[in-house]
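Once you know that position 185 of the sequence shown is 184 in numbering that gives the first Met the number 0, the rest is easy, because the numbers rise by one and skip nothing. Structure, as structure tokens:
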Amino acid sequence: MSFTLLSSPLQGFTDFRFRNAFHHFFGGIDTFYAPYIRLDGKLVIKSSYQRDLQLENNTDLSLIPQVMTNDADEFLFVVKYIQDLGYTELNWNLGCPYPMVTKRGMGSGLVKEADKIDHILDRVHAETNVTVSMKMRMGYEDSSEILDTFPVLDKYPIKNIAIHARIGKQLYKGGVDLDAFQRCVDSTRHKLYYNGDITTVQTFKNMQDRFPSIDHWMIGRGLIADPFLPSMIKANTFEYPEDRWAIFSEFHETIYKDYDAFLSGPTPIKMKMQGFWEFFSQSFSNPQKTFKAIKKANNPRAYQSAVAEILKKEMSL
């Protein structure tokens, strides 16, 4: 069965600079999701969101905007904004697990509020012609919470529901709950996408075997930890390209230059790249030593030297 690979949005990581470089050097992702737009009660689109969604910054890839809200007026405001840009689909984030979000009744903290979800979807479908898709956790406290939303969701022409097979209070700890995901498959008429812990070609194959009806797969942290993963899944291979580290080096240099040109001063770029290396290091031969070397680099020259030494060691193995 043919399948589609999607990039799950990670706030602070998968903006247009990363997406464009990833798409150019690695490929394998059919559609990217933009990190969420969050308004926090003010009907204003921040400049960072504007830059991220501008069509000229996303010319060579397929992109779907995302909104994080528990308010119908905010949702409608974002719909108008993205439609004015030329987008036709808006993804609604009911998946974010972080307490700063869930305590405000958004992200996975909204899953248990079926009546509120109903109210928002009713207004959006009555007052706009936007295509709505959703990204959800199975709940915040319990994986059964999502089951109570399906009678509501089934009332609306939602394009798809991407489900991360964890509950919110787990954050990213512990394993995914595949039995709970199967209950979701059995409980809704909507098309479901799978998300959660696809980190190797083998784990992808295992998921395919477990859920033969699923043909859309969303990769989040695994895509950053191993940027070759989507293309290797597509090629049905466990083998990395011979010039793996040369490709990674070019990719790294591209995003480093792009972020360095945008961010002001050595500290922001250090923190930005350190965040990436927390993931990147996981696919190196010695993850702990690799990340430690990056953290010790306290200035741009030391950082570039550390990266060069890390890649030199990998190429010699």
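Ideal Cβ placement from N, Cα and C applies to all residues, glycine included. Note that the structure is predicted; figures quoted are calculated from it, not measured.
Note down the Cα distance separating S107 from I162, rounded to an integer number of angstroms. Mapped onto the sequence shown, residue 107 falls at position 108. Mapped onto the sequence shown, residue 162 falls at position 163. Their backbone Cα atoms lie some 11 angstroms apart in a straight line.
Taking the alpha-carbon positions, what's the T127 to G274 distance? Taking the first residue of the sequence shown as position 1, residue 127 is located at position 128. Taking the first residue of the sequence shown as position 1, residue 274 is located at position 275. Answer to the nearest angstrom: the Cα atoms are 38 angstroms apart.
Please determine if the region 91-98 and the region 128-138 are in contact, where contact requires at least 3 C-beta pairs separated by less than 8 angstroms. yes
Proximity to I166 [Cα-Cα], best of L152, I145, Y155 and K158: Taking the sequence shown and counting its residues from 1, the one referred to as residue 166 is at position 167. The shortest C-alpha separation from I166 is found at I145.
Which word fits Y171, buried or exposed, when buried means at least 16 other C-beta atoms lie within 10 angstroms of its C-beta? Looking up residue 171 in the sequence shown gives position 172. Y171 is exposed by the Cβ-count criterion.
Whether A224 touches T198 by CB criterion (8 angstroms): Taking the sequence shown and counting its residues from 1, the one referred to as residue 224 is at position 225. Taking the sequence shown and counting its residues from 1, the one referred to as residue 198 is at position 199. Taking 8 angstroms as the Cβ cut-off, A224 and T198 qualify as a contacting pair.
Using a threshold of 8 angstroms, state whether the C-beta atoms of A71 and I254 are closer than that. Residue mapping note: residue 71 aligns to position 72 of the sequence shown, counting from 1. Residue mapping note: residue 254 aligns to position 255 of the sequence shown, counting from 1. Against a cut-off of 8 angstroms, the Cβ pair of I254 and A71 comes out as no contact.
Quick one: grab the DSSP three-state call for L319. Any question about residue 319 goes unanswered here, given that the chain covers just 0 to 316.
Pair within 8 angstroms by beta-carbon distance, V200 and F237: Taking the sequence shown and counting its residues from 1, one reaches residue 200 at position 201. Taking the sequence shown and counting its residues from 1, one reaches residue 237 at position 238. Their beta carbons are under 8 angstroms apart, which means V200 touches F237 by this criterion.
N159 and Y193 - do their beta-carbons sit closer together than 8 angstroms? Within the sequence shown, the letter at position 194 stands for residue 193. Within the sequence shown, the letter at position 160 stands for residue 159. No, these two residues do not count as a Cβ contact at 8 angstroms.
Based on the DSSP output, what are the partners of Q65 in its beta bridges? Counting from 1 along the sequence shown, the entry for residue 65 is found at position 66. DSSP, once it has assigned bridges, lists N90 as partnering Q65.
Using the C-alpha atoms, what's the distance from R188 back to D114? Translated into the one-based positions of the sequence shown, residue 114 becomes position 115. Translated into the one-based positions of the sequence shown, residue 188 becomes position 189. Cα-Cα distance, rounded: 19 angstroms.
Proximity of T148 and V110 at Cβ, strictly below 8 angstroms: Residue 148 sits at position 149 when you count from the first residue of the sequence shown. Residue 110 sits at position 111 when you count from the first residue of the sequence shown. Yes. Within cutoff.
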